[in-house]
Structure formats: C-alpha cells, structure tokens
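Trainee: This is the structure, below, for whatever I ask next.
Chains as they are written, first to last, in our numbering: chain A, 12 to 91; chain B, 3 to 418.
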C-alpha cells in the first residue's frame with residue numbers, strides 16, 4: 012500500500028475518535044490539536060494495528076506526535 | 003504532618019531567563035487548591051495518630067474503621083509476628099546498612115526466602131526491599147533490547163516503570179481482553195523474546211484476570227509469563243498462592259511477583275520462579291543490587307507471617323464472607339460498584355466525579371470510616387473511585403457499621 016492509500020485508510024479510522032471534527036493536516040498533533048487522551052490513543056492505535064496487521068509499540072508511539080509522522084510510520088511498518 | 007505539601011504555591015523569582023522546572027505541575031497544583039478551597043479535608047494528607055488494631059485507628063483525632071489498608075489477613079498485630087520482629091531487632095540490630103549482594107544478606111533474609119519457596123512450592127525466591135522494586139527490577143532486567151513486553155493497559159505503575167526502565171518494545175492491550183492480547187502476540191516478529199505481564203487481581207476495580215485462558219495463549223506463542231499477585235496472596239487459591247492457583251495455571255507461569263505490604267503485613271517485595279537460571283538475577287538486577295536490604299526485624303516478621311498464612315484457611319473463608327456481605331450491602335444501597343460480583347477483597351465504589359468523590363470521602367472519614375480515594379491517572383477510564391479493601395479481622399458487626407456509615411454519607415452527598 013502506498014502512502015496515499017495508508018493516509019486515506021487512517022483518516023477513515025481516525026474519524027470516530029475525532030469527536031470535535033477538527034480538520035486533520037500533516038502537522039496536526041494528537042495530544043494538543045485532537046486532544047486524544049491515553050485511552051483514546053490505545054483504541055485508535057489498536058484500530059490501526061488491526062487494519063494493517065502491524066504492531067506500533069509504545070516506544071514507537073513516543074516518537075509520533077503529528078498525523079504526518081503516524082502515516083509515515085504505518086507506511087513503513089506495513090511495507091516491512 | 004507533611005508540611006511540604008501543605009504549603010501554598012509560592013511565586014518563583016528566578017535569575018536569568020531559565021524556566022521553573024516545577025511549572026509542569028501547575029495543573030495539578032491548581033486542581034488540589036480548588037478542591038481544598040471548599041474546606042474539604044485533604045484525602046491525601048491523612049495522619050494515623052494511633053493504630054488500635056488491623057481494623058481500627060485514630061485518624062485526624064477520630065476513631066476510625068480502616069477499610070483501605072490492604073491489610074487483608076490482619077497480620078500486622080499478630081503476636082507471633084510481632085515477637086519475631088522484636089527478637090530480630092534485639093539479636094541483629096535495626097538495619098543491615100548494605101546491599102543484598104554485599105553485607106546485607108543476614109540469616110533472616112535467607113529464612114524469609116525459604117518461607118516463600120515453601121509457600122509457593124517453587125525452586126527460587128528473591129526478596130526485594132519493596133514490591134515496587136520487585137516489578138521494576140525483574141521486568142527491566144529480563145526483557146532487553148529487541149525483546150517484547152505484552153501487558154495489560156491497566157497494569158500497576160511499578161510494571162509500567164519496569165517497562166520504561168528497560169529497553170524492550172512495550173505493547174499494551176485492552177484490559178483483560180484475551181483476543182487483543184493474542185493479536186499482539188501473533189504479530190511479534192519471529193525469534194524475538196516475549197514477556198507477557200499480567201496481574202491476578204487488578205487493584206483499582208478489584209477484578210481478576212482470566213488467567214486460565216491468557217496463560218494458555220501466552221504459552222501457545224512461546225512467551226514467558228509474569229503474574230503480579232500482590233492483591234491475592236494469602237487469600238485467593240487453595241493455598242493462598244493467588245489467582246494463578248485458583249485458575250490452575252501456576253505451573254505454566256514463569257514468575258510470580260508479590261509484596262509483603264498487603265497480606266503479609268510489613269514491607270518488601272519478592273519474585274518466585276522455577277527458572278533454572280533464576281539465581282543470576284541477584285547479580286544483574288539493579289533495583290536488587292543497588293539498594294539496602296530490608297531490616298532484620300522486617301524479614302523476621304515477613305517470614306513468620308508467610309508461614310502462618312500457609313494455615314490461614316479459616317481466615318480466608320471469613321474474608322470472603324466479609325467481601326460478599328459488603329459487596330451485596332453496597333449494591334443494595336444503590337452504589338455503583340467496579341464489579342458485578344465480588345471477585346477479590348477489593349470493592350471499588352464508582353463516584354460520579356472527583357468533586358463528589360472527595361465530598362463522599364470526607365463524609366465517610368467524618369463518620370469514622372477510612373477508604374482510599376483513587377483518581378486519575380491511577381484509575382482506568384479516568385474514574386474517581388472509593389476503594390474499599392476488607393480485612394479478615396473485620397467482624398460481622400464492623401461490616402454492618404461500615405454499611406451504615408456508607409448509607410449516611412451517600413445520602414448526605416446525594417449519591418444514593
């Protein structure tokens with residue numbers, strides 16, 4: 012799957028968690044812009060992991076702050 | 003009195019343009035001040051002036067029933083336990099002033115480890131200075147770079163800190179969700195080391211893990227399994243070995259972590275294991291090596307208490323009765339509880355929010371009852387909980403008294 016396809020899929024998965032309907036751009040942050048708390052992060056990450064059949068460990072999550080970084084990471088993980 | 007946290011936040015004047023490193027705590031400072039401004043008695047600054055028994059103390063000047071001390075088996079005032087501690091204090095002095103691997107292993111530390119090996123019928127036992135350090139040390143040491151730790155998202159802080167201290171990849175799964183755990187195990191790269199970390203009883207809601215299924219899944223994927231049984235020792239399972247025993251999987255578990263600060267009634271932590279190479283932990287586990295060992299009196303009280311817990315079946319039965327009576331009573335009064343049925347000696351009463359929870363806590367303490375106020379981030383799903391932990395020494399009459407205090411406080415605060 013190329014980056015654009017990964018992006019489209021993650022956008023779809025993020026929708027139910029984006030309660031305030033905030034516009035998601037490459038530099039949108041999960042903690043500040045989207046106000047994801049730790050439980051939301053867990054459910055969102057689980058949804059992505061199940062969709063792409065990958066593991067995003069907490070160590071990797073710590074490096075991901077923005078939406079663009081997440082798409083990059085998932086694109087790489089699912090290609091491996 | 004803890005003067006440090008009683009002080010109000012002082013404005014900080016600093017030379018140069020450096021930031022005050024404490025500014026990151028402004029949020030919690032404001033939350034605390036807001037709560038106390040209403041005249042609320044501080045739930046995190048309670049002083050026990052006198053302890054009368056495992057179930058009663060004088061707290062902030064009032065005689066209080068203790069229902070939040072994890073003193074499950076009521077061993078803190080057992081005459082044999084106290085006697086052993088006094089004798090050790092006389093014979094071996096007040097402290098060891100040394101690490102277990104240097105001058106800090108006395109006869110009593112060995113005897114305490116012998117008692118644990120017998121209690122669990124396992125080959126190896128290693129005593130740490132606290133339960134927190136046992137998790138911190140074992141988890142951070144055995145799971146290294148390139149290994150994977152798969153753990154329940156509601157794990158205790160000591161487990162998370164053990165993960166943070168090590169270099170393994172950390173992969174949490176949804177609380178008690180067997181399928182979510184299996185999916186993560188399945189996706190781990192071939193050849194990587196795997197450690198599954200579970201708890202017998204989860205201390206916030208008092209619910210137990212489906213260990214029979216979870217341990218089987220972990221073994222299917224070749225993972226080692228560590229189970230924290232801090233809240234079940236002495237009480238759950240035929241011999242009080244914990245939920246692993248009750249679920250019939252104790253032989254499939256690689257490590258059991260426990261503590262002396264609950265059923266055993268003193269302080270300290272331990273790990274028991276049948277792993278043939280386990281003893282090497284004593285040399286490579288930093289939270290074991292780089293700290294002073296427990297005082298001789300503490301290990302003497304622990305060893306005596308552990309041996310008495312082996313024969314505690316009557317007490318176990320009475321504790322279950324207490325747990326059932328309190329659970330049913332609170333449910334009948336209309337309180338929302340953490341579990342539908344009592345699963346352990348912890349009963350969590352769910353509060354609508356922190357303000358109501360704090361008000362309820364205050365009404366209870368003024369009515370003569372101590373429970374734990376638990377709030378985020380320690381709690382799952384950002385809940386505010388009043389956590390009750392029963393003791394085998396609570397009498398039937400005391401449990402009735404507890405329910406009456408709860409009823410009065412609940413009506414006063416408007417929760418029921």
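By construction, the Cβ of each residue, glycine as well, lies at the ideal position given by its N, Cα and C atoms.
Where do the N-terminal and C-terminal ends of the alpha helix (DSSP H) with residue 165 of chain B fall, by residue?
Mentor: First-last of the alpha helix (DSSP H) with residue 165 of chain B: 159-167.
Trainee: From residue 90 of chain B to residue 211 of chain B, what does the alpha carbon distance come to, in whole angstroms?
Mentor: One C-alpha to the other measures close to 38 Å.
Trainee: From the beta carbon of residue 12 of chain A, is the nearest beta carbon of chain B less than 8 Å away?
Mentor: no
Trainee: I'd like to know whether the C-beta of residue 75 of chain A is nearer than 8 Å to at least one C-beta of chain B.
Mentor: no
Trainee: Let's see if you can read the secondary structure: which residues bound the beta strand (DSSP E) around residue 273 of chain B?
Mentor: Looking at the DSSP string, the run of the beta strand (DSSP E) that includes residue 273 of chain B is 271-275.
Trainee: At 8 Å on the CB atoms, spell out the chain A contacts of residue 185 of chain B, in chain order.
Mentor: 60, 61
Trainee: In angstroms, rounded to a whole number, what distance separates the CA positions of residue 336 of chain B and residue 293 of chain B?
Mentor: Cα-Cα distance, rounded: 48 Å.
Trainee: If you scan the stretch 317-397 of chain B from start to end, which runs of the alpha helix (DSSP H) of 4 or more residues do you find wholly inside it?
Mentor: 356-368
Trainee: With 8 Å as the threshold, decide whether the Cβ of residue 35 of chain A is near any Cβ in chain B.
Mentor: no
Trainee: Once the 5 residues before and after residue 56 of chain A are set aside, which same chain residues still bring their CB inside 8 Å of it?
Mentor: Cβ neighbours of residue 56 of chain A beyond the five flanking positions: 67, 72.
Trainee: How would you list, in chain order, the residues of chain A whose beta-carbon sits under 9 Å from the beta-carbon of residue 383 of chain B?
Mentor: What residue 383 of chain B touches in chain A: 50.
Trainee: So if DSSP puts residue 65 of chain B in a beta bridge, which residue, or which two residues, is it bridged to?
Mentor: B/60
Trainee: At 4 residues or longer, and completely inside the stretch 99-144 of chain B: list those alpha helix (DSSP H) runs for me, N to C.
Mentor: 109-122, 133-144
Trainee: Under a Cβ-count criterion, where at least 16 other Cβ atoms within 10 Å of its own Cβ denotes burial, should residue 397 of chain B be classed as buried or exposed?
Mentor: exposed
Trainee: Considering only residues of the same chain and omitting the five flanking positions on each side of residue 20 of chain A, which have a CB-CB separation below 7 Å?
Mentor: Correct list, in chain order: 62.
Trainee: Would you please verify whether the beta carbon of residue 43 of chain A is less than 8 Å from any beta carbon of chain B?
Mentor: no
Trainee: Taking residue 318 of chain B as the query, report the chain A residues whose CB atoms sit under 8 Å from its CB, ordered along the chain.
Mentor: Those within 8 Å of residue 318 of chain B in chain A number zero; the least Cβ separation is about 35 Å.
Trainee: Taking C-alpha atoms, which residue in B/300, B/229, B/230 lies nearest to residue 92 of chain B?
Mentor: B/300
Trainee: Tell me the DSSP secondary structure of residue 306 of chain B in three-state form.
Mentor: helix
Trainee: List the whole-angstrom C-beta distance separating residue 173 of chain B from residue 151 of chain B, where the pair is believed to meet the contact cut-off of C-beta under 8 Å.
Mentor: 7 Å
Trainee: Check distances from the C-beta atoms of the stretch 76-90 of chain A to those of chain B and list, in chain order, the residues that come in under 7 Å.
Mentor: Listed in chain order, the positions of the stretch 76-90 of chain A with a beta carbon within less than 7 Å of a beta carbon of chain B would be empty, since no residue qualifies.
Trainee: Using a C-beta cutoff of 8 Å, does residue 172 of chain B count as contacting chain A?
Mentor: yes
Trainee: To the nearest angstrom, report how far apart residue 134 of chain B and residue 319 of chain B are at their CA atoms.
Mentor: Between the alpha carbons of residue 134 of chain B and residue 319 of chain B lies a gap of roughly 29 Å.
Trainee: Which residues in the same chain have their Cβ closer than 7 Å to the Cβ of residue 314 of chain B, if we skip the five residues on either side of it in sequence?
Mentor: Counting only Cβ-Cβ distances below 7 Å, and skipping sequence neighbours, we find 75, 236, 242.
Trainee: Return the residue from the list B/255, B/203, B/65 that minimises the CA-CA distance to residue 370 of chain B.
Mentor: Of B/255, B/203, B/65, the residue nearest in Cα terms is B/65.
Trainee: Give me the chain A residues within the contact set of residue 176 of chain B, using Cβ-Cβ distance strictly less than 9 Å, ordered along the chain.
Mentor: Residue 176 of chain B reaches chain A at 53, 54, 57, counting residues in chain order whose Cβ is nearer than 9 Å.
Trainee: Going along the chain, which residues of its own chain have a beta-carbon closer than 8 Å to the beta-carbon of residue 4 of chain B, five neighbours each way excluded?
Mentor: Caution is warranted here: a pLDDT of 44 is assigned to residue 4 of chain B, below 50, making its placement in the model unreliable, and no coordinate value can be reported.
Trainee: Would DSSP call residue 67 of chain A helix, strand or coil?
Mentor: coil
Trainee: Can you confirm whether residue 65 of chain A, when its beta carbon is compared against all beta carbons of chain B, has any partner nearer than 8 Å?
Mentor: Interface residue, yes.
Trainee: Check residue 75 of chain A in the structure and name its three-state DSSP category.
Mentor: coil
Trainee: Are residue 142 of chain B and residue 270 of chain B close, meaning C-beta to C-beta below 8 Å?
Mentor: no
Trainee: Would a check of beta-carbon distances place residue 70 of chain A closer than 8 Å to chain B?
Mentor: yes
Trainee: Does DSSP put residue 70 of chain B in a helix, in a strand, or in coil?
Mentor: strand
Trainee: Taking DSSP's pairing of strands, which residues face residue 226 of chain B in a bridge?
Mentor: B/197
Trainee: Does the stretch 278-298 of chain B come within contact of the stretch 246-253 of chain B, defined as at least 3 CB pairs closer than 8 Å?
Mentor: No contact exists between the stretch 278-298 of chain B and the stretch 246-253 of chain B.
Trainee: Which one or two residues does DSSP pair with residue 209 of chain B in a beta bridge?
Mentor: B/204
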